[in-house]
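Anchor point for the sequence shown: position 41 equals 168 in my numbering, and the numbering is continuous, going up by one each time.
Here is the structure we will look at.
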Amino acid sequence: MSFVTRFAPSPTGPLHLGHAYSALLAHDMARAAGGTFLLRFEDTDLERSKPEYVDQIIDDLTWLGITWDAPPLMQSDHFDDYNQSVEALIAQGLTYPCRCSRKDINAALAAPQEGAPHTVYPQTCKNRSMSERGATDALRLHMDRAMDALGGKQLSFTELGDLKKGVHVIDREEIIQSVGDIVIGRKDIHTAAYFLASALDDINQGITHVVRGIDLFEFTQVQVLLLHLLGHKPPLYYHHKLIRDENGKRLAKRDDARAISLYRSEGMSPSDIRSITGI
Numbered sequence: 128m129s130f131v132t133r134f135a136p137s138p139t140g141p142l143h144l145g146h147a148y149s150a151l152l153a154h155d156m157a158r159a160a161g162g163t164f165l166l167r168f169e170d171t172d173l174e175r176s177k178p179e180y181v182d183q184i185i186d187d188l189t190w191l192g193i194t195w196d197a198p199p200l201m202q203s204d205h206f207d208d209y210n211q212s213v214e215a216l217i218a219q220g221l222t223y224p225c226r227c228s229r230k231d232i233n234a235a236l237a238a239p240q241e242g243a244p245h246t247v248y249p250q251t252c253k254n255r256s257m258s259e260r261g262a263t264d265a266l267r268l269h270m271d272r273a274m275d276a277l278g279g280k281q282l283s284f285t286e287l288g289d290l291k292k293g294v295h296v297i298d299r300e301e302i303i304q305s306v307g308d309i310v311i312g313r314k315d316i317h318t319a320a321y322f323l324a325s326a327l328d329d330i331n332q333g334i335t336h337v338v339r340g341i342d343l344f345e346f347t348q349v350q351v352l353l354l355h356l357l358g359h360k361p362p363l364y365y366h367h368k369l370i371r372d373e374n375g376k377r378l379a380k381r382d383d384a385r386a387i388s389l390y391r392s393e394g395m396s397p398s399d400i401r402s403i404t405g406i
């Protein structure tokens with residue numbers, strides 16, 4: 128089969144060692160397979176995403192020797208696509224409006240982060256109907272109904288990475304209890320949830336292999352469910368190790384001391400970065 132993968136950073140900070148590892152790994156896998164490597168900027172957080180970070184990430188990736196086979200996709204150009212999918216879920220009766228804490232809802236729109244506990248929504252607004260939807264309400268996926276919509280069909284996804292290799296079946300009770308009614312979007316601020324936007328872009332870009340950190344593994348089942356509800360077949364997945372600091376903590380954008388731009392300023396080479404990350 129063809130091999131099409133991507134690197135999809137959020138332009139809310141500088142590229143760090145963890146990003147470099149993920150990008151280099153995906154790029155090397157694509158090139159070794161004679162496949163395609165794409166670049167996507169997940170910039171749906173319009174407040175924190177900055178053009179200067181886009182430019183810096185592109186510059187750092189180029190310095191690392193990474194090339195991509197099409198112009199970068201900007202998620203902020205595709206809100207209409209995400210909204211159409213949200214409307215399709217509404218039409219299936221699988222959503223309800225939520226007017227809970229703006230802070231909690233905004234946090235739920237972002238990709239999950241290792242170390243940040245996922246709080247299962249307490250279903251405060253679950254009995255609200257879509258006819259009650261307010262202009263600033265978020266929309267949540269009614270997970271019980273979503274799983275019932277499968278009509279007894281067993282959903283699964285294939286993991287190729289050594290850390291979790293195998294076929295993983297999505298269990299109804301487990302996803303309801305451990306994930307719950309996720310936020311899928313907020314129309315008033317033109318923001319789609321990570322789960323939805325990322326999964327849809329993988330389909331729209333023809334991604335066959337999703338290469339990303341193991342911190343996103345548990346939520347792959349949500350994306351597979353959403354894709355099925357929208358009539359799409361999920362790609363294959365490869366979740367890799369995370370690059371950690373000396374205390375075993377996952378690197379994040381706030382770790383500016385490990386920004387690729389700083390390593391560059393100190394005279395390191397791309398091969399040095401490969402050596403540090405174990406590529």
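Virtual Cβ for every residue (Gly too), placed ideally from N, Cα, C.
What you are looking at is a predicted structure, and each value in this text was computed from that prediction instead of being measured.
Is residue i helix, strand or coil by DSSP?
i	result
Val351	helix
Ser228	coil
Ser129	coil
Ser283	strand
Met395	coil
Thr404	helix
Thr163	strand
Tyr223	strand
His143	strand
Ala319	strand
Ile193	coil
Pro239	coil
Pro178	helix
Ala262	coil
Once you ignore the five residues that flank residue i on each side, which residues in its own chain have a CB closer than 8 angstroms to its CB?
i	result
Ile303	Met270, Asp271 and Met274
Thr222	Val213, Leu216, Met257, Leu266, Arg267, Leu268, His269 and Ile311
Ile309	Ala235, Tyr248, Arg267, Leu268, Met270, Ala320, Phe322 and Val349
Leu287	His336, Leu363, Tyr364 and Tyr365
Once the 5 residues before and after residue i are set aside, which same chain residues still bring their CB inside 6 angstroms of it?
i	result
Ala386	Pro141 and His143
Glu169	Ala135, Ser137 and Gln202
Thr251	Cys227
Phe206	His317
Trp195	Phe164, Leu165 and Leu166
Leu151	Ile406
His154	Phe164 and Ile193
Taking residue i as the reference, give the member of the options with the closest Cα.
i	options	result
Thr132	Lys314, His366 and Ser392	His366
Ser325	Leu369, Tyr148, Thr171 and Cys225	Thr171
Gly220	Arg371, Ser256 and Pro362	Ser256
Leu266	Val213, Ser228 and Thr251	Val213
Ile334	Pro198, Phe164 and Ser228	Phe164
Gly293	Ala160, Leu363 and Gly312	Leu363
Leu166	His146, Asp231, Arg175 and Gln211	His146
Pro239	His336, Ile341, Gly358 and Ile400	Ile341
Thr246	Gln183, Ser305 and Phe346	Ser305
His355	Ile232, Ala157 and Phe284	Phe284
Cys225	Ser402, Ala159 and Lys253	Lys253
Ala160	Pro198, Asn331, Ser129 and Ala197	Ser129
Asp289	Arg339, Leu282 and Arg313	Arg339
Strictly by DSSP, which residues pair up with residue i?
i	result
Tyr364	Glu286 and Val337
Val310	Arg267
Ala386	His143
Gly293	Glu286
Leu117	Within the shown structure, residues of the chain are numbered from 128 to 406, placing residue 117 beyond reach of any answer.
Phe134	Leu166
Take residue i and list the residues in its own chain whose beta-carbon comes closer than 7 angstroms to its own, dropping the five residues that flank it on each side.
i	result
Ala181	The question names Ala, but residue 181 in the sequence shown is Val. Cβ neighbours of Val181 beyond the five flanking positions: Pro138 and Phe168.
Asp315	Ala262 and Thr263
Asp187	Leu142, Ile387 and Ser388
Flag residue i as yes if its beta-carbon sits less than 8 angstroms from any beta-carbon of chain D, otherwise no.
i	result
Pro198	Any reference to chain D falls outside this structure, which holds one protein chain only.
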